[in-house]
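The listed protein sequences correspond, in order, to chains Z and Y. Note that the first sequence covers residues 1 to 433 in the numbering used here. Note that the second sequence covers residues 1001 to 1433 in the numbering used here. Where a beta carbon is used, it is the ideal one built from N, C-alpha and C, also for glycine.
Protein chains: 2
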Amino acid sequence: MSKILIRAMVLPMTGPDVFYPQGEITIVDDRILSVGERGSAPSGFVPDRILDLPNDVLMPGLINTHTHAAMTLLRSYADDLPLMPWLNEKVWPFEEKLTDEDIYWGTALALCEMIRSGTTTMLDMYASMDQVAEAVLKAGTRAVLSRGLIGNGPNGEQAFQESIDLVERYHGAGKGRVKIMFGPHAPYTCSGEYLQKVKAEADRLSVGIHIHVAETRDEINIIQEKFGKTPVQWLDELGLFGGHVVAAHCVHLTPEDMEILARKHVCVAHNAESNMKLNSGTAPIIELQGKGVIVGLGTDGASSNNNLDLFGEMRSAAFQQKLRVSSTALPAYEVLKMATVGGAQTLGLEDVGILAPGFKADLITLDMDQPHFYPRFSIPSHLVYSAHAGDVRTVMVDGIFLMEERKILTMDVKKVCQEAETRAKRISTELSC
Amino acid sequence: MSKILIRAMVLPMTGPDVFYPQGEITIVDDRILSVGERGSAPSGFVPDRILDLPNDVLMPGLINTHTHAAMTLLRSYADDLPLMPWLNEKVWPFEEKLTDEDIYWGTALALCEMIRSGTTTMLDMYASMDQVAEAVLKAGTRAVLSRGLIGNGPNGEQAFQESIDLVERYHGAGKGRVKIMFGPHAPYTCSGEYLQKVKAEADRLSVGIHIHVAETRDEINIIQEKFGKTPVQWLDELGLFGGHVVAAHCVHLTPEDMEILARKHVCVAHNAESNMKLNSGTAPIIELQGKGVIVGLGTDGASSNNNLDLFGEMRSAAFQQKLRVSSTALPAYEVLKMATVGGAQTLGLEDVGILAPGFKADLITLDMDQPHFYPRFSIPSHLVYSAHAGDVRTVMVDGIFLMEERKILTMDVKKVCQEAETRAKRISTELSC
């Protein structure tokens, strides 16, 4: 049995007024035993280890609700291009060259970056998901994984079968750290029939669905032309909604679409930076939240963002809504909720996202003894508007330290970086020949 | 005489194709002697010191073209509020309590943050500018300073006189590191007569003018109602333009306004994050650059941003224009130019902003041996889309190291942070009584 006590400024994300400037948290094995002021540990609790970080803020680990982790291999390969040439001439040819091993190392690179920037859980959509699962198990993070399903593509059936295998092999792996969802790519890359088959199988296996919805104006036009409906209406009529569904992006929505999402309890993964960088648009986050829709934050893949830093994503999400609506939109604490408890709800994880007794010990600390964190009027403001990835000092998942003093303990970061560099360069060389 | 040689990946910002993956730079006293591939140092050059940073990118120091440095003291004091209550109930009452010493320590805090995030030069506008100048001289950075002039306020005449004194006392101080401009606050806080008096005096003393222009819709309405013109037209008719003028914000411009700015060689300080966070709007940067207007980047004060990190500002500037125009708008190298050579041009500094023989040795290095900088397809993309303040390892201004291995050498950072904390809390306590 492992017993850990950490002293720090504790922001448990259990309510806007709950903050322990001189706090402590106790952890037994993978779960939190107590959270409170200094001295609040249960009497008789004898820790194996005490970590004193009085100038750090300790908070729940961040949750990335939409990414394509292995696409770190394409980071900075093709930026500032129009969407279709970017996909046709750069992204897709590159991805066709990826081997299973490449995807393992690309995911490992993503996980190194995520740990360093305080992300403890991701919802991923990609191929070769066994490799992704193995990388997650090695890194020690938490993840919900979905095999991307291009129903209209040549591998639609094979990928569908892989999704079923993935559930059987990895749903609940790593003492529950890994979960699986089905990942039909988007309404314009899967037929109605295919989507219904996916939904039936997901229901049969009791797992959720992760899908891109209403990301670009082009998608809206395609679905409107084909079916005379919006993507949300089309998916709703197909019966895709109702269970646990994470809809990524949701940039272009009608008021009726928002009603449907709210009524059907669809959760939204909001990707502010990707939506800006690719000129997709500004998602109506304030309106969605106003209707009671759960919204989490995502970075999207490193090919479009280009980093996996949820601190930057929080800031951008706030800025984008403030620009569109008003300076009072998405206040700091609300954005923090989206990146923590909102992310957990989006992913259907009931025991992460806040720091409370009985919850999983998924937490991070940030070094607040730095110029950009003074004066200390508001910790939530600092975390959203001033913090950056480099401020994260400690990362724990399931009661295990994954990073201390900015040093990752579960992976050989140097090797991961070198493998990623070599493999990405191999592919770009092949493509330029 | 000091002779330094640094080996690194060198991005001199002298052209989009100029990059030395295995480069070196030599520095004699305050100036660059040579820049090029490894082994390019002039024969016979014997350095006193060699710095080997093969995994760092070495580039020009960043230039912040609009800030109110001492407002770090208000960081996180009042966020997510509507503009007028924010100013009336929070910012202005706080500022009224600031002593000269408070402004010294608030500026020192800003300078610590700037050095840590790779900013070597700022254009500042505030009060008690002697204190600001002294903090800059102590920190070792470069700065252009302007006493903010609220012509319509009770201290309009006194501040005008202070501006003249400031020129006499500090223009050219610190071996030219400090320069002075006049800082009439905005067209809606200064009368036409006052602005003309400022312009005449600035001309007489051969210094430039730094002014907020067309920041908010309210400002446009006020000037339209009063004078039947846009702020740019009004300032142009008053004769304010023509010499060296830095116009901060320029969010709301007509095509004619842009023509005037281009014709009169007015430089624009673009503050993407402040403009988003305060719901000011999106400045037409692409159009301004299309007309040949020089644009630099600014963070604005930490009360509105809330950090002074130009890496974040670069990313936000790119994202904001891409969101408004297209995914191809403001490509990475163009954004880097705005933060370096464009900033130097905006501030009228002819020997900083690029790394070239004869230029001042104002440079920074970033540790690129980190997961978020792999693979290395494009260094400019990495610097704009992946980098954060915490990646900066080394800072040099005028040939002097201000920071090495992330340790600031010119200031007692702990004391600065404590002074800022104590002083800011004193004021907030006074105000809440």
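(message) Looking at Y:V1232: is its Cβ nearer than 8 Å to the Cβ of Y:L1195?
(response) No, the Cβ-Cβ distance between Y:V1232 and Y:L1195 is not below 8 Å.
(message) Quick check on Z:S82 - is its C-beta less than 8 Å from some C-beta in chain Y?
(response) Rather than Ser, the amino acid found at residue 82 of chain Z in this sequence is Pro. Yes, Z:P82 lies at the interface with chain Y (some Cβ there is under 8 Å from its Cβ).
(message) Residues of chain Y with CB closer than 7 Å to the CB of Z:T328, please, in chain order.
(response) The answer, in chain order, is D1080, L1081 and P1082.
(request) For Z:K277, go through chain Y and note every residue whose CB falls closer than 7 Å to its CB, in chain order. (result) By Cβ distance, chain Y contributes F1319, K1322 and S1327.
(message) Using beta carbons (cut-off 8 Å, strictly below), is Y:Y1126 in contact with chain Z?
(response) It does not; no Cβ of chain Z falls within 8 Å.
(request) Would you please verify whether the beta carbon of Z:T428 is less than 8 Å from any beta carbon of chain Y? (result) The displayed chain sequence assigns Ser, not Thr, to residue 428 of chain Z. Z:S428 counts as touching chain Y.
(message) Can you check whether the C-beta of Z:A424 is within less than 8 Å of a C-beta belonging to chain Y?
(response) For Z:A424, the closest Cβ of chain Y is nearer than 8 Å.
(request) Step through the CB atoms of chain Z and report whether any lies within less than 8 Å of the CB of Y:A1283. (result) When Cβ-Cβ separations below 8 Å define contact, Y:A1283 makes no contact with chain Z.
(request) Give the interface partners of Z:V413 over in chain Y, defined as CB-CB distance under 7 Å, in chain order. (result) In chain order: P1371.
(request) Tell me whether Y:Q1370 sits in a helix, a strand or coil according to DSSP, three-state version. (result) Of the three classes helix, strand and coil, the one that applies to Y:Q1370 here is coil, per DSSP.
(message) Would Y:L1123 and Y:V1144 be called neighbours here (beta carbons separated by less than 8 Å)?
(response) Yes. Within cutoff.
(message) Less than 8 Å between the C-beta atoms of Z:I434 and Z:G243, yes or no?
(response) Here chain Z has residues from 1 to 433 only, and residue 434 of chain Z is not among them.
(request) Note down, in chain order, every chain B residue with its Cβ under 8 Å from the Cβ of Y:E1215. (result) The structure shown contains no chain B; its protein chains are Z and Y.
(message) Quick check on the burial criterion: 16 or more other C-beta atoms within 10 angstroms. Buried or exposed for Y:V1207?
(response) That one is buried.
(request) Kindly list, in the order they appear in chain Y, the residues whose Cβ is closer than 8 Å to that of Z:L109. (result) Residues of chain Y whose Cβ lies closer than 8 Å to the Cβ of Z:L109 are, in chain order, P1371 and Y1374.
(request) Identify the contact partners of Y:G1390 in chain Z, using a Cβ-Cβ distance below 8 Å as the criterion. (result) Close to Y:G1390, with beta-carbon spacing below 8 Å, are these residues of chain Z in chain order: H388, A389, G390 and D391.
(request) Answer with yes or no whether the minimum CB distance from Z:D309 to chain Y is below 8 Å. (result) Taking 8 Å as the CB threshold, Z:D309 lines the interface with chain Y.
(request) Quick one: grab the DSSP three-state call for Y:A1110. (result) DSSP places Y:A1110 in helix when its eight states are reduced to three.
(request) Please determine, among Y:I1286, Y:M1084 and Y:G1106, the residue with the shortest C-alpha to C-alpha distance to Y:V1132. (result) When C-alpha distances from Y:V1132 are compared across Y:I1286, Y:M1084 and Y:G1106, the shortest belongs to Y:G1106.
(message) In this structure, how does DSSP classify Y:N1221 when only helix, strand and coil are distinguished?
(response) It is helical.
(request) State the DSSP-derived secondary structure class of Z:G78, mapped to helix, strand or coil. (result) Sequence inspection shows Ala at residue 78 of chain Z; the Gly mentioned does not correspond to that position. Taken through DSSP and simplified to helix, strand or coil, Z:A78 comes out as coil.
(request) Select from Z:R142, Z:N306, Z:C190 and Z:A356 the residue whose C-alpha is nearest the C-alpha of Z:L111. (result) Proximity to Z:L111 across Z:R142, Z:N306, Z:C190 and Z:A356 peaks at Z:R142, based on C-alpha coordinates.
(request) Would you mind stating whether Z:L74 and Z:S316 have Cβ atoms separated by less than 8 Å? (result) Result no, Cβ atoms of Z:L74 and Z:S316 do not sit closer than 8 Å.
(message) Would Y:L1058 and Y:I1006 be called neighbours here (beta carbons separated by less than 8 Å)?
(response) With contacts defined by Cβ atoms closer than 8 Å, Y:L1058 and Y:I1006 form a contacting pair.
(message) So for Y:C1190, helix, strand or coil by DSSP?
(response) Coil, per DSSP.
(message) For a test of the three-state rule: what should DSSP assign to Z:L336, helix, strand or coil?
(response) The DSSP-derived three-state label of Z:L336 is helix.
(message) Check whether the region 1006-1019 of chain Y and the region 1379-1396 of chain Y are in contact - that is, three or more C-beta pairs closer than 8 Å.
(response) Taking a contact to require three or more Cβ pairs closer than 8 Å, the region 1006-1019 of chain Y and the region 1379-1396 of chain Y qualify as touching.
(message) Spatial neighbours of Z:T410 within its chain, please: C-beta separation below 6 Å, excluding the five flanking residues on both sides.
(response) The answer, listed in chain order, is A139, G140 and L402.
(message) Taking CB distances under 8 Å as the criterion, tell me whether Z:L402 reaches chain Y.
(response) With its beta carbon at least 8 Å from every one in chain Y, Z:L402 lies outside the interface.
(request) Can you pull the chain Z residues whose beta carbon is under 7 Å from the beta carbon of Y:A1420, in chain order? (result) Chain-ordered, the chain Z residues with CB closer than 7 Å to the CB of Y:A1420 read Y374 and P375.
(message) Distance check for Z:P255 and Z:A70, CA to CA, integer angstroms please.
(response) Approximately 35 Å, taken between the alpha carbons.
(request) Please name the residue in Z:S146, Z:D367 and Z:V384 whose C-alpha comes closest to that of Z:E479. (result) Nothing can be reported for residue 479 of chain Z: it is not among the residues displayed for chain Z, which extend from 1 to 433.
(message) Please report whether the beta-carbon of Y:A1332 lies at a distance below 8 Å from any beta-carbon of chain Z.
(response) Chain Z, which has a Cβ nearer than 8 Å to the Cβ of Y:A1332, makes this yes.
(request) Select from Y:E1259, Y:A1041, Y:E1037 and Y:E1168 the residue whose C-alpha is nearest the C-alpha of Y:I1004. (result) For the residues Y:E1259, Y:A1041, Y:E1037 and Y:E1168, the minimum Cα distance to Y:I1004 belongs to Y:A1041.
(request) Provide the residue span of the alpha helix (DSSP H) that contains Z:K229, from first to last. (result) Here Z:K229 belongs to no alpha helix (DSSP H), and DSSP marks it neither H nor E.
(request) Anything in chain Z within Cβ reach of Y:Y1077, meaning under 8 Å, just list it in chain order. (result) Under the 8 Å cutoff, chain Z gives P375, F377 and S378.
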